[in-house]
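Asks: Residue 267 in this note's numbering is what sits at position 252 of the sequence shown, and the numbering runs on without skipping anything.
Using N, Cα and C, we set each Cβ at its ideal position, and we do this for glycine too.
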Amino acid sequence: MRIVVSKPLIGSAVSRLRESGHDVVVLSENHSQEAFVEAIAAGCEGVLSMLSDPIGADVIARTRAAGKSLRVISNYAVGYNNIDIKACTEAGIVVTNTPDVLTDATADIALTLLLMAMRSIPAGMKLLSEGRFTGWRPICLLGHDPRGKTLGILGMGRIGIAMARRGEALGMKIIYHSRSGAKAELPWAHISFAGLLAESDVLSIHCPLNSETKHLIGAAELEKMKRGSVLINTARGPIVDEAALADALRTGHLFSAGLDVYEREPEVYPALMKMENVVLLPHMGSSTYETREAMGGLAASAILDVLAGRRPSHPVNPEVFELASL
Ligand code: NAP
């Protein structure tokens, strides 16, 4: 069967698919959206997609119109906001993701952003690289200690929990908000969304992007955050209104921010690029050799499972199994 892999991968994912007898087409790193859609519409049973590949109802309709039998879309990410799940389910296409294996790598990046943002690291690096470091001074590049501060987690799932543990190791008090409320197995206090905004010294975002969470943190929510607090976003860019964030940083209402994800990736809101109190990373939460290899392993296994008629380990639309007798 034919499988389209949207970008070159490290590890053995592609060779495993080929060794299983499939015809695997690997697109180039910088392919256009049109090239991606054409490759799918030309006929394939499986797609190994990236979070940067929009797969909307239009794409699904085009594959259907071409009369082809796409059966599985295996997204090389835990987030799947790039895919229209309803359209896939209606078309009988199984969608899978790669949870767990990227939890620690992403929490490590959130922790890195927290420390860099709290300790004014971008300003320090800039001072040095611009040749303005004239020696140690008692009042220079002051930041804040994490110890004793409150870390608020928005979205207490896998990565939120891993981040909370890291915050606790730094001596931070943990509070969290998730829609389903307090989790009995967790030692930390669940709080309302309004309470989370009001009480966090650092707010770290770990919920998925969907129609409910787009601009969940906008001007009004930023205003409700403590003066001098810090915002960390390693989840998805559109959860935060970047223009409002830039304003809150410019006025000093927020002390700093650490971002791995952006509203219009790969674009970054221009004002943020110029600020010294923002740490900006190019969406590298899961970018370790070990994690990316494990993600490839899960993504390839999902395709092999579905094409062999087995249930994959991480379907995001399990209801499709009731509709299509897989
Ligand atoms: P997860 O285990 O599903 O956790 C997400 C949590 O968010 C759930 O516990 C959910 O709990 C909560 N949630 C959902 N909607 C919410 C809302 N409106 N308000 C508050 N909480 C809400 O997912 P995960 O594995 O931790 O991954 C989280 C996200 O991180 C992914 O969706 C992805 O976008 C992002 N991510 C980014 C990178 C990167 O490279 N930067 C890497 C990996 C993942 P309730 O249902 O109880 O609300």
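#1: Using 10 angstroms around the beta-carbon of glutamate 304, count the other beta-carbons present and answer buried if the total reaches 16, otherwise exposed.
#2: According to DSSP, which residues form a beta bridge with glutamate 282?
#3: Among Ala50, Arg181 and Ile88, which one has its Cα closest to the Cα of serine 64?
#4: Considering only C-alpha positions, which residue in the set Ala120, Lys239 and Ala54 is nearest to arginine 17?
#5: According to DSSP, is valine 335 part of a helix, a strand, or is it coil?
#6: Determine the extent of the beta strand (DSSP E) in which threonine 165 is found, giving its start and end residues.
#7: How long is the line joining the alpha carbons of glycine 186 and isoleucine 247, rounded to whole angstroms?
#8: Using only the alpha-carbon positions, how far apart do valine 293 and serine 84 sit?
#9: Could you check where the alpha helix (DSSP H) with phenylalanine 148 kicks off and where it finishes?
#10: Would DSSP call leucine 269 helix, strand or coil?
#11: When you compare each of Met178, Glu214, Arg180 and Gly172 to lysine 198 by their alpha carbons, which one comes out closest?
#12: Quick one: grab the DSSP three-state call for arginine 307.
#13: Drop a sphere of 10 angstroms on the beta-carbon of cysteine 59, count the other beta-carbons inside from all chains shown, and report buried for 16 or more, exposed for fewer.
#14: On the CB-based measure, 16 or more other CB atoms within 10 Å of its CB, does lysine 164 come out buried or exposed?
#15: Exposed or buried, which one is proline 281 when buried takes at least 16 other CB atoms within 10 Å?
#16: Which of helix, strand or coil does DSSP assign to lysine 198?
#17: Suppose the cutoff is 7 Å on Cβ atoms and the five residues either side in sequence are ignored; what does the same chain contact list for valine 39 look like?
#18: Taking all protein chains shown into account, do 16 or more other C-beta atoms lie within 10 angstroms of the C-beta of glycine 150, making it buried, or fewer, making it exposed?
#19: Check lysine 141 in the structure and name its three-state DSSP category.
#20: Do glycine 158 and histidine 221 count as a contact pair if the criterion is CB distance below 8 Å?
#21: Ligand 1 and histidine 419: does any heavy atom of the ligand fall closer than 7 Å to the residue's C-beta?
#22: Could you tell me which uninterrupted alpha helix (DSSP H) segments, each at least 4 residues in length, are contained entirely in the stretch 76 to 149, listed from first to last along the chain?
#23: Heavy atom of ligand 1 less than 7 Å from the Cβ of isoleucine 174, yes or no?
#24: From the DSSP secondary-structure annotation, give me the bridge partner or partners of glycine 61.
#25: Rounded to whole angstroms, how far is the Cβ of leucine 237 from the Cβ of isoleucine 254, which I believe are closer than 8 Å?
#26: Would you list, in sequence order, the uninterrupted alpha helix (DSSP H) runs of no fewer than 4 residues that lie entirely inside the stretch 192 to 257?
Replies: By the coordinates alone:
#1: Residue identity check: residue 304 is tyrosine in the sequence provided, not glutamate. Classification for tyrosine 304: exposed.
#2: Partner residues in the beta bridge of glutamate 282, as assigned by DSSP, are Arg279.
#3: Nearest option by C-alpha distance: Ile88.
#4: That would be Ala54, whose Cα lies nearest to the Cα of arginine 17.
#5: Correct three-state label for valine 335: helix.
#6: First-last of the beta strand (DSSP E) with threonine 165: 165 to 169.
#7: Each residue's Cα considered, the two are about 18 Å apart.
#8: So the alpha carbons of these two residues sit roughly 46 Å apart.
#9: Here phenylalanine 148 belongs to no alpha helix (DSSP H), and DSSP marks it neither H nor E.
#10: It is a strand residue.
#11: Looking at the Cα atoms, Gly172 is the closest of the given residues.
#12: DSSP places arginine 307 in helix when its eight states are reduced to three.
#13: So cysteine 59 ends up on the buried side.
#14: Residue burial is scored here from C-beta neighbours: lysine 164 has at least 16 other C-beta atoms within 10 angstroms and is therefore classed as buried.
#15: Counting Cβ neighbours within 10 Å, proline 281 comes out exposed, since fewer than 16 surround it.
#16: It is coil, neither helix nor strand.
#17: So the qualifying residues of the chain are Ile18, Val20, Val29, Leu32 and Arg33.
#18: Per the 10 Å Cβ criterion, exposed.
#19: Helix at lysine 141.
#20: Not closer than 8 Å, so no.
#21: Outside the displayed range of the chain (16 to 341) lies residue 419, so it cannot be described from this structure.
#22: For the stretch 76 to 149, whole alpha helix (DSSP H) runs of length 4 or above, ordered along the chain, are 100 to 105, 118 to 133 and 136 to 144.
#23: Indeed, a heavy atom of ligand 1 lies less than 7 Å from the Cβ.
#24: The bridge partners DSSP lists for glycine 61 are Ile18 and Val87.
#25: A Cβ-Cβ separation of about 12 Å leaves leucine 237 out of contact with isoleucine 254 under the 8 Å criterion.
#26: Fully enclosed alpha helix (DSSP H) runs of 4 or longer: 208 to 214 and 234 to 239.
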